[in-house]
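What follows is a set of notes on a single structure, which appears directly below.
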Amino acid sequence: MEKRKLGKQGLEVSALGLGCMGMSFAYGKADEAESLRTLDRSLELGMNFWDTAEAYGPFLNEELLAKAFKGRREKVVLATKIAWKGGVSRPDTLDGSPANVRLAVEGCLKRLGTGTIDLLYLHRRDPKVPIEETVGAMAGLVKEGKVKYLGLSEVGPKTLRKAHQVHPLSALQSEYSLWETNVEAEILPTVRELGIGFVPFSPVGRGFLTGQLKRFEDLEEKDNRRNLPRFQGDNFKENLKLVEEVRRIADAKKATASQIALAWLLHQGKDIVPIPGTTKVKHLEENACAADIQLNGEDLEEITHILSKFRVAGNRYSEAMAKMVSAE
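Residue numbers (the numbering used here): 995 to 1322.
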């Protein structure tokens, strides 16, 4: 698979990464054996950029990845994320203090069974702590060799600029897909001005753009997407219209809707590395093929036209989750 560079500090990863959250968290019960097979297959396909976080479980996802790359750590470009006390992701547990940064990273290293994290993200900004202090503590871990590269997640241009002055950032991770394009207004121009790579999470709309979900009831009882407005009530039905449009383009390309969604993101710039998540080998292989799909000018114009007339229904986060996203 094609390699891409994130930032100017030398971080090189596969053009498509693998979001590992669903293997342990958020979308209902996953099969560990199948998840491990999926991780194995990702390396065979050249998808060596794995994304996890202390909050996924909490802790369970990092422990799973440790099993998967045991004895072959050098083959994986490993990204993990920190932000909360004890890894429990709630607004009241956000802790960006230098002390918690160090404590959290020590925990990540132990669970992952490695001496170094390739890319360390601040998962969410703690509004009680100046971003300069948090990133300064992260930079200290780079000097110690415990972390190679730094990134942020779900922050705005002002925070990016402040953080980047403390220590060069290699990546910003935020949601970006055919049904979430708000980063195009200010965030993408800012990361490009600063020379920071961009890593879209939920690049197929948290699975919605796959076309596999037909009704709200298709979601398992413990699936966190049940709490997201875009999956609820009339919003679900309204948003299916976009899926149908994407599916129409996919049919013409002899592809799937999710492949078109990923191919579109890959065509938005060489500094963009989507991290689609999956728990199954079949879906991983399908995603990997998206890197080979060529969209010509007419294809991209048609997609732009679709997006111009479509308005996604519902907020992307619940009220509680939205409180942890920094617009600054």
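Idealized CB from N, CA, C, for every residue including glycine.
Excluding residues up to 5 positions away in sequence, Ala1049 lie with their Cβ nearer than 7 angstroms to the Cβ of Ser1083 in the same chain.
The beta carbon of Ser1320 lies closer than 8 angstroms to those of Arg1118, Arg1119, Pro1121, Glu1148, Val1149, Gly1150, Thr1153 in the same chain, with the five residues before and after it left out.
Across the structure, Leu1005 and Leu1207 are spaced so that their CA atoms are roughly 36 angstroms apart. The C-alpha of Leu1072 is placed about 16 angstroms away from the C-alpha of Glu1038. It is roughly 25 angstroms from the alpha-carbon of Ala1179 to the alpha-carbon of Ala1251. The three-state reading of DSSP puts Asp1212 in helix, counting H, G and I together. Each residue's CA atom was taken as its position, placing Met1315 and Leu1106 some 27 angstroms apart.
In this structure, Ala1047 and Thr1074 form a Cβ contact; the two beta carbons are roughly 6 angstroms apart against a cut-off of 8 angstroms. Annotated as distal: Ser1164 and Gly1263, with beta-carbon spacing of 9 angstroms or more. Under the DSSP assignment, Leu1005 falls outside any alpha helix (DSSP H), being part of the beta strand (DSSP E) whose first and last residues are 1005-1008. Between Leu1030 and Thr1272, the gap from beta carbon to beta carbon reaches 9 angstroms or more.
For Ser1168, the beta-bridge partners assigned by DSSP are Pro1194. In the DSSP annotation of this structure, Arg1305 is not part of any beta strand (DSSP E), being labelled neither H nor E. Per DSSP, reduced to three states, the secondary structure at Glu1239 is helical. Here the alpha carbon of Ala1255 sits roughly 12 angstroms from the alpha carbon of Cys1283. Boundaries of the beta strand (DSSP E) around Gly1145: 1141-1147. Residue pairing for Val1071: DSSP places it in a beta bridge opposite Phe1043.
Apart from the 5 residues on each side of it in sequence, Gly1199 sits with its Cβ closer than 6 angstroms to the Cβ of Ser1171, Trp1173 in its chain, given in chain order. Across the structure, Arg1186 and His1299 are spaced so that their CA atoms are roughly 24 angstroms apart. Per DSSP, the unbroken alpha helix (DSSP H) holding Leu1182 starts and ends at 1181-1188.
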